[in-house]
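Novice: Plus 13 on top of the position in the sequence shown (first one is 1) and you've got my numbering.
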Amino acid sequence: MADIKVLYVEDSRSSSPKLRQALKDEGLSIVFCGGGFDALDELASDGADIVVAATKVSDLSGYQLASLIKSSELVSQLPVVLFYSGETATDDFWIKAARPDVVVGEEDLKEPAKVACMIRDLAENARLAGWEKSIGRGVLVPSQGFSSNNLVESYSSLLNDLILERAVNRTARTLTALVEPRSQFLEAFFTFIGEIFQPDLMGIIIADVNSPWAAVQVKGNVSQDAYDPMMAGLLKQLKLPADLKVELRGELLQDNVTAARSLASVEVLTVASEKQGHGALVFASAEKNAFSAGARAFMGVLKQELKPVIQLLLAKQEIEELHSREAYRAAIDSLTGLYNLEFLVGFLQQQLLFSFRQRLPVGMAIIDVDNFAKVNEEHGYEIGDSVLNTVANKLLQITRSSDLLARYGGDQFAVVLPNTDLAGTRVLGEKVRSEMEFVNFGQENGRKGPKVTVSVGCANFNMEDLNPETILRDAKIALRQAKEAGRNQVCS
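1) Assess contact between the segment 298–313 and the segment 224–232, defined as three or more Cβ pairs (one per stretch) separated by less than 8 Å. Is contact present?
2) Would you kindly work out how many angstroms separate the C-alpha atoms of A436 and I176, rounded to a whole number?
3) According to DSSP, is Q324 helix, strand or coil?
4) May I have the straight-line CA-CA distance separating K18 from A126, to the nearest angstrom?
5) How should F106 be labelled, buried or exposed, when 16 other C-beta atoms within 10 angstroms of its C-beta is the threshold for buried?
6) Quick one: Cα of T187 to Cα of N163, how far?
7) L223: buried (16+ other C-beta within 10 angstroms of its C-beta) or exposed?
8) Is it buried or exposed, G292, if we count other Cβ atoms within 10 angstroms and call 16 or more buried?
9) DSSP on G233, reduced to helix/strand/coil?
10) On a Cα-Cα basis, can you pick out the residue from V93, G462, L365, K320 that is closest to N112?
11) With DSSP collapsed to three states, give me the class of M476.
12) Where in the segment 374–434 do unbroken runs of the alpha helix (DSSP H), each at least 4 residues long, occur, reported from the N-terminal end onward?
13) Could you give the residue range of the alpha helix (DSSP H) that holds F202?
14) Could you give the C-beta distance for V375 and F474, rounded to a whole number, given that I count them as a contact under 8 Å?
15) Looking at the structure shown, is L253 part of a helix, part of a strand, or coil, going by DSSP?
16) Would Q267 pass as an interface residue toward chain C - the criterion being a Cβ-Cβ separation below 8 Å?
17) Is there contact here, the segment 469–487 with the segment 358–366, by at least three beta-carbon pairs under 8 Å?
18) Please determine, among L141, T403, S160, E23, the residue with the shortest C-alpha to C-alpha distance to D62.
19) Per DSSP, what kind of secondary structure is K461 in: helix, strand or coil?
20) Would you tell me roughly how many angstroms separate the C-alpha atoms of M14 and S25, rounded to the nearest one?
21) Out of V259, C471, T189, E86, which has the shortest C-alpha to C-alpha gap to F370?
22) On the CB-based measure, 16 or more other CB atoms within 10 Å of its CB, does L348 come out buried or exposed?
23) With DSSP collapsed to three states, give me the class of S147.
24) Could you check what DSSP says for C504 in three-state terms: helix, strand or coil?
25) Are C471 and A378 closer than 8 Å when you measure CB to CB?
26) How would you label A220, buried or exposed, when you count the other beta carbons within 10 angstroms and need 16 or more for buried?
27) Under a Cβ-count criterion, where at least 16 other Cβ atoms within 10 Å of its own Cβ denotes burial, should A491 be classed as buried or exposed?
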């Protein structure tokens with residue numbers, strides 16, 4: 014394999030010269046860092062293939078360094094090996110929560126060649142799994158550099174970066190719940206971002222393959238003659254139609270107006286997607302070199318945190334397009350007009366992946382019409398179909414626009430509830446159950462219609478299992494419990 018870059022972290026108190034030499038003997042390229050902050054600075058500027066750090070270092074312990082790396086979604090696949098260098102004051106909980114790939118003990122260090130071979134194998138396996146050295150630059154987006162020789166400024170910089178990441182993450186989480194309708198999302202996007210960052214121009218572009226769209230907000234005195242070429246170049250860069258209609262918020266000034274200003278600083282952050290299409294964030298200012306290190310750090314974190322939001326917007330766009338294509342029919346149950354099981358499973362897979370990345374709950378409810386076979390037998394299939402349609406319509410009335418409702422098959426329905434815990438899922442289940450008790454299914458000729466009740470099984474997304482079949486299975490088990498409890502019940 015090509016040169017493997019090892020970020021080797023130790024200080025004079027934690028030195029392990031034999032291990033260092035063994036790594037050199039393995040042909041690994043070693044970059045020595047005298048502390049955790051030096052390691053973060055090197056990682057942010059030039060990446061690495063693997064980090065090897067002492068557990069006890071004067072500025073950041075190996076466990077703290079591992080935690081910073083492993084808690085970052087972007088770089089969590091970077092291998093981290095810690096080697097024992099004396100007791101630390103680290104809480105046992107954080108020792109485990111740091112999640113290093115390997116902790117090398119005192120006894121293991123007596124065989125440095127064996128440890129070095131293991132480190133090389135870890136780095137090679139990570140590369141085979143798709144790791145690239147350059148990805149490591151995303152561990153943090155520092156507003157200023159780190160240095161183990163300047164602890165006060167480094168701790169301050171680290172705290173600033175973590176606070177910034179937390180603030181942007183909170184904004185991203187809020188936006189995920191507001192992705193539709195689009196007008197609501199854009200209002201929230203410009204409001205929340207504007208509370209933190211106020212350039213003269215900012216915008217968002219969703220470059221969907223079939224239906225791209227863009228929205229831009231201008232403040233201050235941006236001129237029309239500055240805006241037009243900037244947008245033309247941007248659309249060309251993103252390979253979008255030159256005549257794409259852009260929703261413009263704010264007013265552009267004509268160049269002959271005294272106050273009109275050009276755009277001297279422009280930043281375009283493209284956000285790649287795992288699906289077709291991509292997104293872009295645009296920030297511009299009339300001032301030259303307008304964006305400070307802190308502003309650039311903010312934009313970098315925003316790009317990372319909004320990636321799942323962009324992906325969700327693209328997914329929603331795909332659903333909208335599905336409605337207008339022939340494929341829509343294949344995803345719809347012909348009787349009730351709800352989505353069918355195949356579409357449900359596909360949507361659920363995407364939602365679980367998104368929710369896992371954002372650490373958001375997902376609820377699942379399966380609703381079963383009690384004794385439905387008896388309804389068909391005693392009242393006929395026409396009444397049976399009417400019952401199913403009534404249940405479907407009732408569910409449409411009760412569920413939110415962000416929920417996905419599907420006919421699960423036969424006399425069963427399923428609801429996916431994004432950003433909803435088990436308690437919230439049970440609330441929906443109980444509402445459905447109680448309202449169905451009062452629905453009157455009258456028949457012609459004065460004949461009494463069927464009395465219909467439903468049983469509901471509720472489950473919640475287990476963050477350890479991304480398989481959609483697992484949450485469906487859990488909901489079905491809960492449904493069986495509701496049936497066994499006498500029907501017309503909600504169980505979880």
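Note that the Cβ used here is the ideal one computed from N, Cα and C, for glycine as well.
Specialist: Judging by the given coordinates:
1) no
2) Sequence index remark: in the sequence shown, residue 436 carries index 423 (1-based). Sequence index remark: in the sequence shown, residue 176 carries index 163 (1-based). Rounded to the nearest angstrom, the two C-alpha atoms are 31 Å apart.
3) Sequence index remark: in the sequence shown, residue 324 carries index 311 (1-based). DSSP places Q324 in helix when its eight states are reduced to three.
4) Walking along the sequence shown from the start, residue 18 turns up at place 5. Walking along the sequence shown from the start, residue 126 turns up at place 113. Roughly 17 Å between the two C-alpha positions.
5) Here residue 106 refers to the residue found at position 93 when the sequence shown is read from its first residue. Flag for F106 reads exposed.
6) Taking the first residue of the sequence shown as position 1, residue 187 is located at position 174. Taking the first residue of the sequence shown as position 1, residue 163 is located at position 150. Spanning the two alpha carbons is a distance of roughly 36 Å.
7) Along the sequence shown, one-based indexing puts residue 223 at 210. One detail in the question is off: residue 223 reads as Asn in this sequence, not Leu. That one is exposed.
8) As a first step, residue 292 must be located in the sequence shown, where it is residue number 279. Label assigned to G292: buried.
9) Your numbering for residue 233 matches position 220 in the sequence shown. DSSP places G233 in coil when its eight states are reduced to three.
10) As a first step, residue 112 must be located in the sequence shown, where it is residue number 99. In the sequence as displayed, the identity of residue 112 is Arg instead of Asn. Comparing Cα positions, the closest option is V93.
11) As a working note, residue 476 is residue 463 in the sequence shown. In this structure, M476 counts as coil in the three-state DSSP scheme.
12) 385–392, 394–411
13) In the sequence shown, the residue the question calls residue 202 occupies position 189. Start and end: 195–209.
14) Taking the first residue of the sequence shown as position 1, residue 375 is located at position 362. Taking the first residue of the sequence shown as position 1, residue 474 is located at position 461. Correct: roughly 4 Å between the Cβ atoms.
15) The residue given as residue 253 occupies position 240 in the sequence shown. L253 falls in the coil class under three-state DSSP.
16) Protein chain content of the structure displayed is limited to a single chain, and chain C is not contained in it.
17) yes
18) Taking the first residue of the sequence shown as 1, we reach residue 62 at position 49. Checking every option, the nearest Cα to that of D62 belongs to L141.
19) Here residue 461 is taken as the residue at index 448 of the sequence shown, counted from 1. Coil at K461, not helix or strand.
20) Residue 14 sits at position 1 when you count from the first residue of the sequence shown. Residue 25 sits at position 12 when you count from the first residue of the sequence shown. In this predicted model, M14 has a pLDDT of only 49, less than 50, meaning its place in the structure is not dependable enough to derive any value.
21) Stepping through the sequence shown from its first residue, residue 370 is reached at position 357. Per the sequence shown, residue 370 should be read as Arg rather than Phe. Among V259, C471, T189, E86, the Cα nearest to that of R370 is on E86.
22) Here residue 348 refers to the residue found at position 335 of the sequence shown. Its Cβ having fewer than 16 others within 10 Å, L348 is exposed.
23) Reading the sequence shown from its first residue, position 134 is the one you call residue 147. In this structure, S147 counts as helix in the three-state DSSP scheme.
24) Reading the sequence shown from its first residue, position 491 is the one you call residue 504. C504 falls in the strand class under three-state DSSP.
25) Mapped onto the sequence shown, residue 471 falls at position 458. Mapped onto the sequence shown, residue 378 falls at position 365. Yes, the Cβ-Cβ distance between C471 and A378 is below 8 Å.
26) Sequence index remark: in the sequence shown, residue 220 carries index 207 (1-based). Buried is the call here.
27) Mapped onto the sequence shown, residue 491 falls at position 478. A491 should be labelled buried.
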